[in-house]
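Student:
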Amino acid sequence: MAGFFDFFKSSKKDSTASVARDRLQVIVAHERNANNQPDWMPKMQQELLEVVKKYVNIGNDELKIEVHNEDDMSVLEISVDCPLEEK
Amino acid sequence: MSEKGRVIVVTSGKGGVGKTTTSASIAAGLALKGKKTIAIDFDVGLRNLDLIFGCESRVIFDFIQAIKGECTLHQAIIRLNIKDTDGRTTEGKLFMIPASQTRDKTHLDLVEVGAIIEKLREEYDYIICDSPAGCEDGALIAMHYADEAVVVVNPEISSIRDSDRIIGHLDTNTVLGKAGVKMPQNLLITRYNAVDEKDMIPMEEIQNTLRVGIIGVIPESKEVIASSNVGLPVITKQNNPVGQAYADVVERILGNDVPLRFLANNKKGFFRKLFGG
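And the structure:
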């Protein structure tokens with residue numbers, strides 16, 4: 001009987017369209033955010049990356065930088081994923 | 001590497017005919033065959049190659065930043081590890097450079113692009129240039145340094161006419177063209193058999209109109225959108241005619257003579273589907 005009800009359920013959960021929707025949500029939100037960011041952000045991100053790399057062994061995609069606008073102020077958020085240090 | 005890398009531009013004139021799908025599949029296919037390959041997205045402002053490769057979340061730097069020296073060339077390069085249905089992988093062989101999403105095409109400079117392409121020729125066997133639509137600067141810069149061209153065309157009147165315009169540019173507005181050398185060009189007909197047989201412009205007629213050889217015919221298939229939805233080049237579907245047709249194209253690029261397949265219209269009517277025949 002399961003087959004009969006499956007027919008109506010349609011496997012929306014694992015359809016490729018739902019994967020596409022999830023990917024789009026992330027990318028569109030990210031890009032709208034990036035478009036509202038100041039021009040100096042990419043350059044600053046790169047310079048920060050160079051400085052951090054002098055001291056900590058991180059990959060190019062492990063330094064994230066974002067500006068959040070909240071009411072009357074902006075918050076500059078910088079986060080770095082560091083590997084555990086060997087002792 | 002003793003021999004320099006080969007630059008192939010994937011172009012069309014008209015938009016939406018399958019340039020990016022084709023660029024991703026040819027690049028992945030060459031890598032699956034062990035060739036060190038890099039694909040470059042030239043569609044500045046409207047990048048999509050990263051989505052087709054499923055690496056959009058890994059984009060940090062882009063082609064324009066590399067050109068302008070805002071990052072190193074290597075920082076802009078994304079390594080792709082893609083597996084096909086036969087279990088082959090592109091491990092260590094497939095790379096891509098995303099286009100900038102925030103700038104516009106005026107940031108592409110012919111001389112600066114040339115310098116980057118020269119560097120890439122030293123390191124890669126194949127450099128696949130995914131051209132933007134149109135025949136303005138972006139498309140002209142994408143084709144400028146090519147050693148050969150794949151012209152993507154749909155069996156449809158406006159696509160065929162636009163391809164003719166692009167072929168004209170390949171012959172005159174490129175390094176080879178300006179040196180009086182005929183650039184090897186090949187047609188790739190995509191979305192073949194998307195319409196009823198009586199409405200299909202046949203392959204032979206497209207070829208006769210454009211007077212360019214054919215490197216492949218890709219049948220219409222739902223698998224193309226299903227693959228881009230999940231971020232995999234469709235050539236990874238080696239259990240599907242589209243994936244197999246792209247694998248044949250890759251063989252031909254490598255100089256192997258393989259016959260054209262999947263030319264027949266397999267669209268069946270409701271009753272023929274039901275009762276066979």
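Here the protein sequences come in this chain order: V and Y.
Okay, so the first sequence: first residue is 1 according to the numbering used here, each after it adds one.
Okay, so the second sequence: first residue is 1 according to the numbering used here, each after it adds one.
Think of the CB as a built atom: it goes at the ideal place given N, C-alpha and C, for glycine as much as any other residue.
Since we're looking at a predicted model, the values are computed, not measured.
If you draw a straight line from the C-alpha of residue 35(V) to the C-alpha of residue 65(Y), how long is it?
Tutor: Taking the CA atoms as reference points, residue 35(V) sits about 16 Å from residue 65(Y).
Student: In the DSSP assignment, find the alpha helix (DSSP H) that holds residue 131(Y) and state where it starts and stops.
Tutor: Segment: none, residue 131(Y) is in no alpha helix (DSSP H) and carries neither H nor E.
Student: May I ask you to list, following chain order, the residues of the stretch 208–238 of chain Y that have a beta carbon less than 7 Å from some beta carbon of chain V?
Tutor: Those would be 226, 229, 230, 231, in chain order.
Student: Counting only beta-carbon atoms, is residue 29(V) nearer than 9 Å to chain Y?
Tutor: So, not an interface residue.
Student: Take residue 97(Y) as the anchor and find which of 103(Y), 114(Y), 73(Y) has the nearest alpha-carbon.
Tutor: For residue 97(Y), the closest of 103(Y), 114(Y), 73(Y) by C-alpha to C-alpha distance is 73(Y).
Student: For residue 71(Y), go through chain V and note every residue whose CB falls closer than 7 Å to its CB, in chain order.
Tutor: The answer, in chain order, is 46.
Student: Taking the runs of the alpha helix (DSSP H) that are 4 residues or longer, which of them lie wholly in the stretch 26–82 of chain V?
Tutor: Listed in chain order, they are 41–55.
Student: For residue 38(V), return the contacting residues in chain Y, with the cut-off set at a CB-CB distance below 9 Å.
Tutor: The premise fails here: residue 38(V) is roughly 12 Å from chain Y at the closest Cβ pair, so nothing lies under 9 Å.
Student: To the nearest angstrom, how far is it from the Cα of residue 17(Y) to the Cα of residue 23(Y)?
Tutor: 12 Å
Student: Using the C-alpha atoms, what's the distance from residue 22(V) back to residue 235(Y)?
Tutor: For the pair residue 235(Y) and residue 22(V), the Cα-to-Cα distance works out to about 23 Å.
Student: Pick from 56(Y), 77(Y), 57(Y), 93(Y): whose alpha carbon is nearest that of residue 37(Y)?
Tutor: 93(Y)
Student: Which of the residues in the stretch 48–82 of chain V, read from start to end, lie with their CB under 7 Å from any CB of chain Y?
Tutor: Hits within the stretch, in order: 60, 61.
Student: Below 9 Å between beta carbons: does that hold for residue 152(Y) and residue 25(Y)?
Tutor: no
Student: Helix, strand or coil for residue 218(Y), going by three-state DSSP, please let me know.
Tutor: strand
Student: Looking at the unbroken alpha helix (DSSP H) that takes in residue 20(Y), where does it start and where does it end?
Tutor: 19–32
Student: Mind listing the chain V neighbours of residue 287(Y)? Cutoff is C-beta to C-beta under 8 Å, in chain order.
Tutor: With chain Y represented from 1 up to 277, any question about residue 287(Y) goes unanswered, as that position is not in the structure.
Student: Would you please verify whether the beta carbon of residue 1(V) is less than 9 Å from any beta carbon of chain Y?
Tutor: Confidence at residue 1(V) is low in this model, with a pLDDT of 48, below 50, so the placement of that residue should be treated as unreliable; the coordinate-derived value is given next. No, residue 1(V) lies away from the interface with chain Y (no Cβ there is under 9 Å from its Cβ).
Student: Run through DSSP, which three-state label would residue 14(Y) get?
Tutor: coil
Student: Check whether the stretch 73–87 of chain Y and the stretch 40–49 of chain Y are in contact - that is, three or more C-beta pairs closer than 8 Å.
Tutor: no
Student: Please list the partners that residue 35(V) has in chain Y, where partner means a Cβ-to-Cβ separation under 7 Å.
Tutor: 102
Student: For residue 23(V), go through chain Y and note every residue whose CB falls closer than 9 Å to its CB, in chain order.
Tutor: 51, 54, 56, 57, 229, 230, 231
Student: Give me the Cα-Cα distance between residue 148(Y) and residue 39(V), rounded to the nearest whole angstrom.
Tutor: 37 Å
Student: Using the Cβ count rule (16 or more neighbours within 10 Å means buried), how would you classify residue 240(Y)?
Tutor: buried
Student: Taking the Cβ atom as the reference point for each residue, do residue 60(V) and residue 95(Y) lie within a distance shorter than 9 Å?
Tutor: No, Cβ-Cβ distance for residue 60(V) and residue 95(Y) is not below 9 Å.
Student: Just to check my reading of the structure: residue 81(V) and residue 58(V) have Cβ atoms closer than 8 Å, yes? What is that Cβ distance to the nearest angstrom?
Tutor: 7 Å
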